[in-house]
Structures are given as structure tokens and as C-alpha cells.
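Protein chains in written order, with this note's numbering: chain A, 1 to 174; chain B, 175 to 348; chain C, 349 to 522.
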């Protein structure tokens, strides 16, 4: 006869019911887009654009078709000059005439608190205040992670600078 | 002593055995590619191409290297003029000399039946009748979803228009 | 009263504890990048680049912003001329000033041993000897797979050729 401690089952049911986030992280990342003149400060660049657009100005029609590659500092607060705890690296693709994007990127964390990567994928309706994308995998401290990240635009300055607040909740980890 | 109701275990074993799809959806999406002249109707555009190609004509050699960003209507039937229930947004990358593609996109559903996103990733051997790609995550009604989507080409008209039938089976959800 | 065979629970705990890889595969893939002159041998091509770069030479500054689409043979040993067991197809994006890349690709396996696809996503710090990326999904023999792939650079010849050794461990499959 096998005996299961009730708390094990309780955790298991919480796990199945989706009410239990094993890790919660709140981080900011800062993006400065290359505009032809700011090569020293830029953390991202347009690398592909449709036929009617170019690589130094975001396209008209909600930027549809622009592909931007980024290497942004991840910071614990909203100050661009604080020490980064890692880098957010990947791309965003503007894929709707009213400012939706598809995101595919990884947080590479490298601090005393966290070592490892978290990979994100999903739709980002930029004009919505809080929007969810999926955490599809992780390595290191985040081995086999899955979860949801809620993205909020914390600041926008013209078309060149924006800052995102990311709330990560991991519901599966090992 | 812990008591488990047999039906709980039965569901759990079905879950582990992979024979139980929690949600099944069948949808169509319609893609019209920009060819330099159809800006008003186009739902997608070539945004990157190898050195030997351009942004208004799909490349030779199985279109290898073309990256297409799309924002396609999702419809419950195969009629382009029915009311959409959402948008399929993301990109496809032609990555083989005989018409394979890599897909990374999200279904953004917004109807009375479904609110939320489903994110897809995987290889699409276009010339195969029914081919499977992975559902790697979801949000909203599809919180934490995983599964398989079977894609079938329902119609092709020249190089500019195609319609895909997508059968989505979610084997994990919360 | 429900009776569980102890070995079932034991497997289940191994599964939860993450010490049990259900499948382990070791494969090589070979990449030859198009440089304007090697169209016949090339297995990949730069398809997007930032404003300061072009499509036949990897960009300066750690190649930041280059997007490369590939269709590489997968081979069981490190000999480019052995019979492939499948293709590695997708893209890598150089997204850091010191040679990080974001990878999104699928192994399409088609041999007597394996039929199916495995989809990968994640950050690849190219200069690190062994680095982990996430397996986010699979189809066919790899239905619903998740796991970790450890990538090691097995050989580099100039900027045009490299060979990767990939150790795949699947911790979830059905």
C-alpha cells in the first residue's frame, strides 16, 4: 500500500489548478532604437522592412512588417542607469496595421540571484495597458520553466525609446 | 490515509497517455501576399530576402530565405468574406529549397466564444497534405496551453493567395 | 480504495524531479553560409541586416542584427559527407554585440529510427563552450516533447562554415 502525504497531493492539485506560481519576477527592460544617428546608445535596430519602408524609420501603417533585433539591459527598477541583472535579447515583429507585435526573445539573467535563461513567445498588442505573452522554456535556474509574462509599457519617448515592465509568473518548473 | 476518487486517476492517466484533447478548434486563415500592386488587400508582406531576391516577388529555389510577416483574418469557414473571429499574426520563413517553411505566429482570438491567444512554432512542409506544428503556449482562455495543430492547405491561387485549414488540439491546459 | 503500483509513483516522482530524460539524442548539424560566391554549397543565407551592413558579409560589432535562414543537414557523426538523417531548418538572429544569437528552428527527422519534428527556441551565447536552449515542442515520434538541448561548437572554419554538436534531452513526452 502506498502512502501519500496529503500536502503532496495538495501541491499537486494546486499545480493542476493553475493558481500557484512557483516563481514570480518583476523586471524592467529598456529599448533604444537605432535611427541612423544614435549608434552609440542604440540597443536595437530595424533589420527588415517591407518594400515601402526603410531601416532607419519605423514604417507607416502601424509599422507593419518591421523586424527589430534587440539587446536590451534588464534592470530591477525603472532607471536606465542602474546596474543590469541581464539582457533581453531577440526580436519583435510589427505584424498588424494597428500596432500589434509578435515577440520572440530570451531573458539572459546573470546576477547573484539568478543564473539562466527564460524564453518568451507571443502576441503583444502594444496599445493595451497590460498584455500577456507565454513563457515557453527556460534553462539554468529556470530549467523547463513555463508560465505567463504580463507586459506593461512603463514609458515611451517618441519613437526611439520605450521601457517595459515585465511581471513573470512561472507555473511550471522543476 | 488519502482517498483518491478513481475518476481523478482515470483522467490523470488519460492526460499522461496523450489520448485526451481538452480543446479542439477548427479554423481557417486567409493570406494575401503583397506583390507591389495590391497594398489595399494584402494581409502579408515579404520583409527580408536573400541577396539574390527582392521584396515583391517570392524568391526562386523554393523561395528559400524569404521572411514574410502576416496579419491574416481567422474565419470559421472557408469564405474570406465571413466575419473574422480573430487574427493570425507572426511570420513564416521559407527555409528549404523544396518549399519548407518555419512558422512562428499567434492566433489572437476575440469573439463571444473565445478570448485569448494561442502561440504556434514549428516546421511546415508546405507540399505535404496534412502537417503538424506545435502549440507552445497560450493566454486568456488558453492559459498555459500546449498541443498540436494540423495544417492543411485548403486553397492556393497563384503565388499571391492561399487559405489554410487549421485543426488545433490542446492536450495541456489549466 | 485506489491501489497504485509503487513503480508508477516512483516514475511520477522522477518525472517531477527532473532527473529522468525520456529520450536522449546526439546529433551534428553543418552550416555553410552564403557569401556571394558559394551558392551551390551554401546551406544558409543572410536575409536581413541592419542599415550599416549587407547580405553577403556578416556585420561588424559581433554581427549584431544579422538574420540568417538555414536548411542544414543533420548527421549522426561529424562528417559532412555522411548520409543525413534529417534537416535543421529555421533562423538564427545575432542579437548581441559580443556574439550572442537567438535561435528559432526545427529538426525535421526522417530516418528509420526517427520520424517527426523537434522545435527549439532560445539564446545561444556562441562563445560559451556548452550552452543550453529549450525544446518547446515536437510532433510525430516527439509528440508534445519538451526538454533541453546542449549545443557545442564542434568546428569553425572562418566565417563561412561551422558545425554544431547538439545533445538533446527530452524530459516530457507522451
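Ideal placement from N, C-alpha and C gives every residue a C-beta, glycine not left out.
No experiment lies behind these values; they were computed from the predicted model shown.
Can you tell me the Cα-Cα spacing of residue i and residue j, whole angstroms?
i, j, result
"residue 458/C", "residue 161/A", "46 Å"
"residue 184/B", "residue 376/C", "Caution is warranted here: a pLDDT of 41 is assigned to residue 184/B, below 50, making its placement in the model unreliable, and the coordinate value is therefore given only provisionally. Cα-Cα distance, rounded: 41 Å."
"residue 429/C", "residue 441/C", "27 Å"
"residue 84/A", "residue 163/A", "14 Å"
"residue 478/C", "residue 504/C", "15 Å"
"residue 455/C", "residue 437/C", "6 Å"
"residue 405/C", "residue 348/B", "47 Å"
"residue 260/B", "residue 426/C", "46 Å"
"residue 209/B", "residue 95/A", "17 Å"
"residue 396/C", "residue 460/C", "36 Å"
"residue 499/C", "residue 374/C", "10 Å"
"residue 212/B", "residue 421/C", "37 Å"
"residue 250/B", "residue 288/B", "12 Å"
"residue 224/B", "residue 66/A", "16 Å"
"residue 43/A", "residue 400/C", "15 Å"
When the cut-off is 8 Å and only beta carbons count, does residue i lie next to chain C?
i, result
"residue 64/A", "no"
"residue 264/B", "no"
"residue 261/B", "no"
"residue 276/B", "yes"
"residue 207/B", "no"
"residue 308/B", "yes"
"residue 112/A", "no"
"residue 83/A", "no"
"residue 270/B", "yes"
Determine, for residue i, whether the minimum Cβ-Cβ distance to residues of chain A falls below 8 Å.
i, result
"residue 477/C", "no"
"residue 315/B", "no"
"residue 332/B", "no"
"residue 296/B", "no"
"residue 417/C", "no"
"residue 283/B", "no"
"residue 229/B", "yes"
"residue 312/B", "yes"
"residue 398/C", "yes"
"residue 441/C", "yes"
"residue 219/B", "yes"
Give a yes or no on whether the minimum CB-CB distance between residue i and chain B is below 8 Å.
i, result
"residue 167/A", "no"
"residue 377/C", "no"
"residue 509/C", "no"
"residue 373/C", "no"
"residue 492/C", "yes"
"residue 495/C", "no"
Where do the N-terminal and C-terminal ends of the beta strand (DSSP E) with residue i fall, by residue?
i, result
"residue 161/A", "161–172"
"residue 332/C", "Look at the range of chain C in this structure, 349 to 522, and you will see that residue 332/C is not part of it."
"residue 116/A", "115–125"
"residue 250/B", "Where residue 250/B is concerned, there is no enclosing beta strand (DSSP E), given that its DSSP letter is neither H nor E."
"residue 370/C", "Element bounds for residue 370/C: n/a, residue is neither H nor E."
"residue 481/C", "478–488"
"residue 155/A", "146–157"
"residue 280/B", "274–284"
What does a CB cutoff of less than 6 Å around residue i pick up in its chain, not counting 5 residues either side in sequence?
i, result
"residue 495/C", "483, 517, 518 and 519"
"residue 159/A", "58"
"residue 237/B", "268"
"residue 378/C", "420, 421, 428 and 511"
"residue 54/A", "none"
"residue 372/C", "517"
Identify, in the order they occur along the chain, each residue of the same chain with its Cβ nearer than 7 Å to the Cβ of residue i, setting aside the five sequence neighbours on each side.
i, result
"residue 464/C", "457, 486, 487, 488, 489 and 490"
"residue 215/B", "206"
"residue 502/C", "376, 426, 511, 512 and 513"
"residue 275/B", "266, 267, 268, 269, 298 and 300"
For residue i, which residues of its own chain have a beta-carbon under 8 Å away from its beta-carbon, when the five flanking residues on both sides are left out?
i, result
"residue 279/B", "244, 262, 263, 264, 265, 266, 293 and 294"
"residue 195/B", "321, 343, 344 and 345"
"residue 492/C", "485, 486, 520, 521 and 522"
"residue 133/A", "103, 120, 121, 122, 123, 124, 148, 149 and 151"
I'd like to confirm something about residue i: is its beta-carbon nearer than 7 Å to some heavy atom of the ligand PLP, or not?
i, result
"residue 151/A", "With respect to small molecules bound, the structure shown includes none, and the ligand PLP cannot be examined in it."
**OP:** Would you mind listing the beta strand (DSSP E) stretches within the stretch 389–414 of chain C that are 3+ residues and don't spill past its ends, in chain order?
**Re:** 392–396
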